[in-house]
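Here the structure comes first, spelled out in structure tokens, and everything after it is commentary.
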Amino acid sequence: MGFNPRFVFLVCLSWHVLLLQADTTAAQPTQTQPTPSLVKWGSSEYYFSDVKVNWFEAERLCIARGGTLATILSQEEDNFMLDQLTKRKPSNERTISYWLDGVKRNMKYVWNDGSEMIYKNLGGGRADESSYTEGCVSVMYGPGFLVPEPYSWLKVSCTNDGYPIQYVCKGKNLNDSPSITTAATTTPTPKPLQSLVTWGSNEYYFSDVKVNWFEAERLCIARGGTLATILSQEEDNFMLDQLTKRKPSNERTISYWLDGVKRNMKYVWNDGSEMIYKNLGGGRADESSYTEGCVLVMYGPGFLVPEPYSWLKVSCTNDGYPIQYVCKGKNLNDSPSITTAATTTPTPKPLQSLVTWGSNEYYFSDVKVNWFEAERLCIARGGTLATILSQEEDNFMLDQLTKRKPSNERTISYGLDGVKRNMKYVWNDGSEMIYKNLGGGRADESSYTEGCVLVMYGPGFLVPEPYSWLKVSCTNDGYPIQYVCKGKNLNDSPSITTAATTTPTPKPLQSLVAWGSNEYYFSDVKVNWFEAERLCIARGGTLATILSQEEDNFMLDQLTKRKPSNERTISYWLDGVKRNMKYVWNDGSEMIYKNLGGGRADESSYTEGCVLVMYGPGFLVPEPYSWLKVSCTNDGYPIQYVCKGKNLNDSPSITTAATTTPTPKPLQSLVTWGSNEYYFSDVKVNWFEAERLCIARGGTLATILSQEEDNFMLDQLTKRKPSNERTINYWLDGVKRNMKYVWNDGSEMIYKNLGGGRADESSYTEGCVLVMYGPGFLVPEPYSWLKVSCTNDGYPIQYVCKGKNLNDSPSITTAATTTPTPKPLQSLVTWGSNEYYFSDVKVNWFEAERLCIARGGTLATILSQEEDNFMLDQLTKRKPSNERTISYWLDGVKRNMKYVWNDGSEMIYKNLGGGRADESSYTEGCVLVMYGPGFLVPEPYSWLKVSCTNDGYPIQYVCKGKNLNDSPTITTTTTVAPTTPSESLPSLVTWGAMQYFFSDEKLNWSESQQKCTDLGGTLATIFSQDEDDFIRGQLRDRKSPSDRSINYWLDGVKKDMKYVWNDGLEMIYTNLRSGRTNENSFKEGCVSVGYSPTGTIPVYSWWTNDCADKRFPYQYICKGEDLEKPSKSAVLKFLESTTGIAVIAAVVLIILLIIILVIAKKRGCCRSLCSCCNKNTNGIESGIDNMAMK
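Following numbering that gives the first Met the number 0, the numbering of the sequence shown begins with 0 at its first residue and continues without gaps.
Below, the structure is given as structure tokens:
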């Protein structure tokens, strides 16, 4: 039975095809020639490295090549550098960066040899030299990265925060192949360093163990020396040399404790001697703050400063991170008998609670209570809380606390008898505190904050001296502490059981109490101030006034008795109010006696309110009784009240307001007062619509020209306020224009009731005036005028019309019936020697510029008053009647803090009025022209600078040119970016040169990053205001109406106390508002972007969140140049790759071989398979050749 050669032919053919494909792929030549590393320009050579290192290593490598890091000394040389970076940027990278030779030292940019940096390209606010932050200069090219100009120099840390970059060397004759192998081959193996080193007349011991400053000082004393002092530049150089040698190669820094401390706002050595030589440079020697600490020396090339060596002041425990130390002495003991603290300290005897010192006894408690309870317990023992009257007594107290501090606690604290009252520290009996140990700025008596004094011992806690007195709140913010009693003959075991056993059950207190010639009614019900005043009048009196110290003592006694045992405080309304920046009683009489102490009587602010009296031992102040000014509704928390009168009615007929108030008659809308009629509307509109409706009635919005007319208005609002509403509001005819309040016809507002600081005319904020009545709302006087935006931020309100003969039923149907149908306006208009195209479609500024160029022009420039008048006329005609404004993009931009036209020409004529032409900020953007009568400004036409995407809201545009094409071949961009939101927005969106994928699923940050990697991108970065506006618009359109907010993960992270993008690039543009950019904490996290149109948070902002918290997953945004569709699985992508095709071919080959073997076995040809192949080799090769020819 013969062997069929066709199976072998099929196997060999498959294998041959695979080999041909591999050979063809390997033989394909590279399309682009590699850019040479060594380039000549002018008289210098430049070496562009491929390896990435930090600045210090880059400088070393350039010196090894016979040059230095590159300097750029002219515009021409900068253009050469830009050309090189443009050619060298990989297509799959967003940016390319190289180290230059520039550094920032002593608040000035210089080249590394110290020469002045005359030419520099640190634009856009990045050349700020006013801060202490030092660093090194790199040059970056990244089209679309950070700035419209895609090339700039940047100052970063000299290690680029751990992310190495490439470098450029410059020299006359650079060595292209220097003998630079690796640092390991050129550096011999160092000998082990000795711990004990001699320099000058002293010995220095460099420890290996890490401890806090206090333990380091103890260990150095045990060696016969102290922590090291550095007294000269030469000694400092020796120290730098030692740290350079001792720094481990796998550590960024090395640090040792020195003997320096900061005390009383001054740096000194620990023995008190002056620190004449010091190396606390770069702003770190600031002695103006109260913060104390201890000094260390640090070496870390590239850490914080270009000079990799400095002294630093930190807390004496280095915030819980122990470090090594250096001892210094004449004859140090290299092996002292320092075993452990446990072996040298004998087991202490139990300490007695009762201790005698001098002529007094002291009781140290074990229980923890607040200051008030401690004082009561000490009195029960026959003494008081301890006073400390001398240095000797303070030393005794320190000794006791040192012995009593538990080994497992950081500190121990005891309450003393000291208090702060009326901005002065005294003992509780009122005697002056002559000796005190409230050092280091803690004895500041200039503030109104009161409290009680404790004594604390905590080595390494807050201050170099581990013992101090501290002022805290008298309850220590809810954390009770131990206490010390002092007396001549203290009772060690007083009969102190509980307060419950010593206090008899009190009799029920009467509500009606007589004192002097008056009666006082103490209510049980809780109401606001206005209701309390009404109820007291119903009893035949008023809310209580307190006119003397004696009456105040009576009130304190009543509150002491009435405070429930389970409540911290008790409060009652008094008759006092604050009006016109002054405290008075409600009848207007002066408040001669008052107990608004401790800074609470400040009358210099505009904040008004009502007065209550509070009793709460341990609440806020040492004196547990005080008057307080709060809002007249106490922010929605009603309280009790006290009435006062000669003959109060204990049971007045006060049922409910509903039974005593008759049903009011319906109020008429049209009311006559004086010679005018007033129409009070029921419908709610904005100010502009209100003005239009009043004109239709034959009048205008109401003006108020006198106190009498204002009283009439108050009476009307009082009657018209619905009982279920807090306030009622009506539009008036007043406006604020050019920083001044006027009536809408321009007449001066001579009489006005914009009181309480609301009449401030010094700001640029303009708006419209309303009148409000709301008893208990913000002010004691429940009626006021207010200035708000003319739309009241989207909340329409009612309005009042005024005129001689108002029409009660005007024919107001719609604006459409009274306005004739205008003729259609032409898009293409000629003015002067130019044509102007007014678009109907809405786009961002960049798209508008592209479309104008396609028409043979550019976005419009406005070069004169006459051309501006033409533009105003066009916008006036084109504004739709149902729109408040109309806006068009112009060709203007703001660059480098200056307004220019887009071709760079100066903007000589401009109409950016009303404070909007401010060029002093770094914020850049694009210019539009807006027409909106009554919108923001009295002049309804102005130019405005906004972001170039107008925060995600596209607008129309105007093109200008000599011969514009009215119908260019512009298809649409709607295929890649929809212009209107829809119910189902596409997940994949194109903006600029990038694609963005908005996910529906919610994951944590790491999972989201992996998803984006699978799509061929990363989590989204945001590099500019325009890109941020694009993201804002997407989130706005994608938020479901049923959700409060929408959140997506971004690529940002916080590493090493700094916000960066995940690839290490500096996050120069950020939107981490409201203090969220605090980089001083060690807490790290990941950045998300959120949009929430309601609530107390900003509508749109970036946030920092826990990267791995699966309780709060977010959606994510991926970004890349060519994102793959998310529906494509990983298996499918693998199968489509070259590797996948090869694997498929191999599997097919294996299957064919198995089939051949099975068939061969059946035919008995297994042993002769090879011979069969040999017999058919010529046939196979000829078959393959024939196929190849075909």
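Quick reminder that beta carbons are idealized off the backbone N, C-alpha and C, glycines included. This one's a predicted model, so the numbers in the text were calculated from it and none came from an experiment.
Given residue i as reference, the closest of the options once Cα atoms are compared
i    : options                   : result
Y324 : M870, L871, E1123, Q241   : Q241
V50  : Y298, Y97, L388, Q74      : Y97
D867 : A847, W830, M1066         : W830
D681 : P795, K277, E1065         : P795
R222 : F205, E233, M238, E234    : F205
K944 : V899, G931, P932          : V899
G802 : L437, T1069, S674         : S674
E690 : G615, Y772, Y798          : Y798
R409 : A63, M455, V1052, Q548    : M455
Y995 : K1057, L1049, P1040, S966 : L1049
S783 : P823, I703, E846, L858    : I703
Backbone CA spacing between residue i and residue j [nearest angstrom]
i     : j     : result
G41   : L911  : 46 Å
N330  : G259  : 21 Å
Y413  : I480  : 6 Å
C1085 : S1023 : 19 Å
R725  : T316  : 56 Å
T812  : W686  : In this prediction, T812 scores a pLDDT of 47, lower than 50, which makes its location untrustworthy; no coordinate-derived value is stated.
C800  : I749  : 20 Å
L1034 : T1017 : 19 Å
G1063 : P191  : 36 Å
E707  : D714  : 11 Å
T1093 : Y1047 : Confidence at T1093 is low in this model, with a pLDDT of 48, below 50, so the placement of that residue should be treated as unreliable; the coordinate-derived value is given next. Going from the Cα of T1093 to the Cα of Y1047 covers about 18 Å.
L889  : T860  : 6 Å
L731  : N585  : 29 Å
M139  : S941  : 38 Å
P939  : G960  : 27 Å
N565  : N579  : 38 Å
A340  : D1105 : Bear in mind that a pLDDT of 37 at A340, under 50, signals an unreliable position, so the number given afterwards is only what the model happens to contain. Approximately 41 Å, taken between the alpha carbons.
I1045 : R894  : 33 Å
W572  : F679  : 36 Å
A903  : Y836  : At residue 903 the sequence reads Gly, which differs from the Ala that was named. Taking the straight line joining both Cα atoms gives about 22 Å.
M274  : S625  : 49 Å
T1069 : D1036 : 22 Å
V1142 : I1149 : 11 Å
G224  : C1011 : 60 Å
L81   : N964  : 36 Å
According to DSSP, residues forming a beta bridge with residue i
i     : result
T67   : K169
V512  : Y519
W626  : V612
C451  : V418, V471
N675  : W672
L987  : F996
K1057 : K1054
Y150  : Y140
R578  : K581
F213  : DSSP lists no partner for F213.
Contact set for residue i: own chain, Cβ-Cβ below 7 Å, skip 5 residues either direction
i    : result
N300 : The question names Asn, yet the displayed sequence has Pro at residue 300. Closer than 7 Å at the Cβ level, and outside the excluded window around P300, lie F55, P307.
G65  : G170, N172, L173, N174
Q83  : V38, F47
S981 : Residue placement at S981 is flagged as unreliable, the pLDDT there being 37, under the threshold of 50; the coordinate-derived value follows with that caveat. Answer for S981: no residue qualifies.
A57  : L68, W98, Y166
Contacting residues, own chain, Cβ-Cβ under 8 Å from residue i (five flanking each side not counted)
i    : result
D207 : S194, Q323
A183 : Summary for A183: the model assigns pLDDT 35, below 50, so the residue's position carries little reliability, and this model does not support an answer.
Cβ shell of residue i (< 6 Å), same chain only, five flanking positions each side left out
i     : result
N111  : D100, V102
Q1114 : S998, K1001, Y1047
(request) Jot down the residue ranges of each uninterrupted alpha helix (DSSP H) in the region 847-928, minimum 4 residues, whole runs only, in chain order. (result) 864-877
(request) Write down every uninterrupted run of the alpha helix (DSSP H) in the region 222-292 whose length is 4 residues or greater and which is fully enclosed by it, in chain order. (result) 232-245
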